[in-house]
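In numbering that gives the first Met the number 0, the protein residues as written are 0 to 603. Ideal placement from N, C-alpha and C gives every residue a C-beta, glycine not left out. None of the values given here were measured: they were computed from a predicted structure.
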Amino acid sequence: MTMIPPLPRRPRWRSLALLAICLAPLLWPLQHLAKHYYQQELAGQNRQTQDLYVANLLGILHRYETLPQILGDLPALRAVLADPLRLESLTNANRLLKDIATQTGAEVMYLMDTRGNTLAASNWDKRDSFVGRNFAYRPYYTEAIAGRLGRFFGQGTTSAKRGYFFAAAVHDREQIIGVLVVKVDLDHTENLWGKTPEQLLVTDHNGVVILTSRPDWRFRATRPLTEAEREAIVAIRLYPTQEPQPLNLNTDAWLIQTQDIEETGWQVSILAPRTLIDRSVNTVLAIGAAALLVLMLLLGLMMQRRRHYIERIDFEAHARHELEKRVMERTADLEGLNSRLKDEVLEREQAQQELVRAQDELVQAGKLSVLGTMSASISHELNQPLAAIRSYAENAEILLDHQRTDDARSNLKLISELTGRMASIIAHLRAFARRDRHAPESVALQPALDDALALLAKRRRAMAVDLVRDLPDATLWVQAGETRLRQVLGNLLANALDALTEKANPRKLWLSAEQREGYVYLYIRDNGPGFSSEALARAREPFFTTKTRTQGLGLGLAICDTLMRALGGELLLGNHPEGGALLTLKLRVATPGANLQPPEDTSA
Ligand code: ADP
């Protein structure tokens, strides 16, 4: 078988890498989309947090907004403003303010006269008590004295706590007699902010950070301050520092969302580190790249499988082609062989025909040689009756001369008998010497036997011979000639009947057959006297007979033996242990078949 040529190797992985390079730019829009998505999501979350924070802040402020006005109507406080030197009133006012501050949760509440001096305060008993201090420099004081609600964010100068101040004037009829201030602590709103990565930033109208989740950003300016703003900061002592340092925020690092609180003039910002977005985006990118990789691996795998498949198909096609070629070669060989076989069969047939012809010749030659050996006896056998005929004829002549016609007639009768005997001898010899045109054929044994028995039936019945048939039901096919076989069987059966005439009843004739080792054996047994030892030795010789001259010619067994041998069979002579003769015909088995040959010349 020829080798299959290897398919040209395609650089698979190189093309895959090329594909990867082509597909990689797909990651860029993916990154863009992911960034946009996470930014939106973060912004949404932060907006909610921011809204919550602003609502909380405003809630705190609104809670205290109206408190100064309400407190201003309390008689105990007005009494202090009416007579600031009365100790009892002062003590009462202090206690009252302390109680209300505790109840409302305000950091501090205090009452000032119209010049800004603190007369009573909720922290009157503390070390950093406001009592006696003047806050006229604070804008809320100015606002309240002007009849408006004073609002102000600032860091307590004494407490250092950041707070929101609400201030309202205390009226006596139309006249302002004092100012009441409530300070709300805002420090704690910063602390509400957890330790999240997002940062809080509340700036006031100056852009300075007042509340933040990052202490290092506190009181830093998010924008450059104007000269007027600087002066105001110094004047009203807004922050612990006179000069807020700039806060330089890297806007690239933070996602900033800002909301204005108009009420206070503040801005609330939430700063989310962009790294938060980057982390998620990177995760998405990693997943995308992994998916791409997997896709490529799958693609590679598919390509490999396809390649293998194609290779296999190629291989199979090649193998099929090869097989077809071999089948064709083999067919051609077989055709050659077949024609050779045909020739051989033809030769065989010819040889067979030759053989049959040769065999035929041989049989004929055998017969002639037998005739040769017979000729002495034949001439002897024929000479005897001839001599007798001659003497009978001479005698008859003399007898006629003497007018003895009756004696002459009896002599002529004897001559006639003798010629009959001679004719019989000659007829046997002719039948024996006749050239058989047919090769051995398939002959059914049982029907041939039946025919032979039918010819002798009359005689058998007359002799009351009991026939014991033990033949198989299945037809036994033998190689023979139909007529020759019947001739042999007829001879043997006639001999048996001849032998049985010498015996009293009961007379028995047994017929049995068997097939073994390629031969059919037919046994013919009678309960007559059997062969004498001489007869057993000489029975096959032509003209040997123990019968009287008129009964036997002594040619039957000689002819049967020759015919059997010509057919490739055998005639065996013997006696049965229980007495009587036992003759065995050994014939070649033939293939079963109808005997379609035309019957042989049956003239014999
Ligand atoms: P023929 O029958 O004319 O005598 P055969 O050749 O047929 O000549 O027989 C030769 C001899 O063989 C017979 O004379 C007889 O002695 C003997 N023989 C043949 N068949 C039997 C038989 N069935 N039983 C006894 N002897 C037999």
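Item, Value
"Rounded Cβ spacing between valine 180 and methionine 111 (contact assumed at less than 8 angstroms)", "7 angstroms"
"Reference phenylalanine 134, options Gln49, Gln266, Ser441 and Phe151, closest by Cα", "Phe151"
"Whole-angstrom C-beta distance between leucine 444 and leucine 510, which should lie under 8 angstroms", "About 10 angstroms; that fails the 8 angstroms criterion."
"The alpha helix (DSSP H) enclosing glutamine 44, as first and last residue numbers", "26-64"
"Glutamine 486, enclosing alpha helix (DSSP H) - first and last residue", "481-500"
"Neighbourhood of proline 245 by C-beta distance below 6 angstroms, restricted to the same chain and skipping five residues each side", "Ala220"
"Threonine 583 Cβ short of 7 angstroms to the ligand ADP heavy atom set", "no"
"Length at least 4, wholly inside the segment 197-247: the alpha helix (DSSP H) runs in chain order", "226-235"
"Three-state secondary structure (DSSP) of tryptophan 12", "helix"
"Reference proline 28, options Leu191, Ala463, Phe542 and Val280, closest by Cα", "Val280"
"Exposed unless 16 or more other CB atoms sit within 10 angstroms - verdict on alanine 119", "buried"
"Neighbour-count burial assignment, methionine 327, 16 or more Cβ in a 10 Å radius", "exposed"
"C-beta atoms of proline 541 and alanine 557 nearer than 8 angstroms", "yes"
"Cutoff 8 angstroms; reference isoleucine 276; Cβ partners in own chain excluding five residues on either side", "Lys34, Tyr37, Gln38, Leu41 and Leu254"
"Test item: CB-CB of leucine 270 and glutamate 189 under 8 angstroms", "no"
"heavy atom of the ligand ADP below 7 angstroms from glycine 527 C-beta", "yes"
"Selection from Thr195, Leu491, Thr240 and Val53 that minimises the alpha carbon distance to serine 212", "Thr195"
"Neighbour-count burial assignment, glutamine 44, 16 or more Cβ in a 10 Å radius", "exposed"
"Cβ neighbour criterion (16 or more within 10 Å) applied to cysteine 21", "exposed"
"Exposed unless 16 or more other CB atoms sit within 10 angstroms - verdict on leucine 595", "Low confidence applies to leucine 595: its pLDDT is 42, below 50, so where it sits in the model is not reliable, and the reading given next is rough at best. Exposed."
"Beta-carbon gap between tyrosine 140 and glycine 149 smaller than 8 angstroms", "yes"
"heavy atom of the ligand ADP below 7 angstroms from glycine 592 C-beta", "no"
"Arginine 217 vs aspartate 186 beta-carbon contact at 8 angstroms", "no"
"Test item: CB-CB of leucine 345 and glutamine 478 under 8 angstroms", "no"
"Where the alpha helix (DSSP H) through leucine 89 begins and ends", "86-103"
"Span separating the alpha-carbon of asparagine 93 from that of leucine 86", "10 angstroms"
"Closer than 7 angstroms: leucine 554 CB and nearest the ligand ADP heavy atom", "yes"
"Near the ligand ADP: aspartate 465 beta-carbon under 7 angstroms from a heavy atom", "no"
"Alpha-carbon to alpha-carbon, leucine 95 and proline 74", "11 angstroms"
"Neighbourhood of valine 233 by C-beta distance below 7 angstroms, restricted to the same chain and skipping five residues each side", "Gln241"
"Integer Cβ distance of threonine 418 from isoleucine 397, believed to fall under 8 angstroms", "Threonine 418 to isoleucine 397, Cβ: 20 angstroms. No contact."
"Endpoints, the alpha helix (DSSP H) within which tyrosine 139 is located", "138-144"
"Selection from Gly264, Glu569, Glu343 and Leu336 that minimises the alpha carbon distance to asparagine 205", "Gly264"
"C-beta contact flag for alanine 451 and arginine 485 at 8 angstroms", "yes"
"Beta-carbon proximity of lysine 97 to serine 128, cut-off 8 angstroms", "no"
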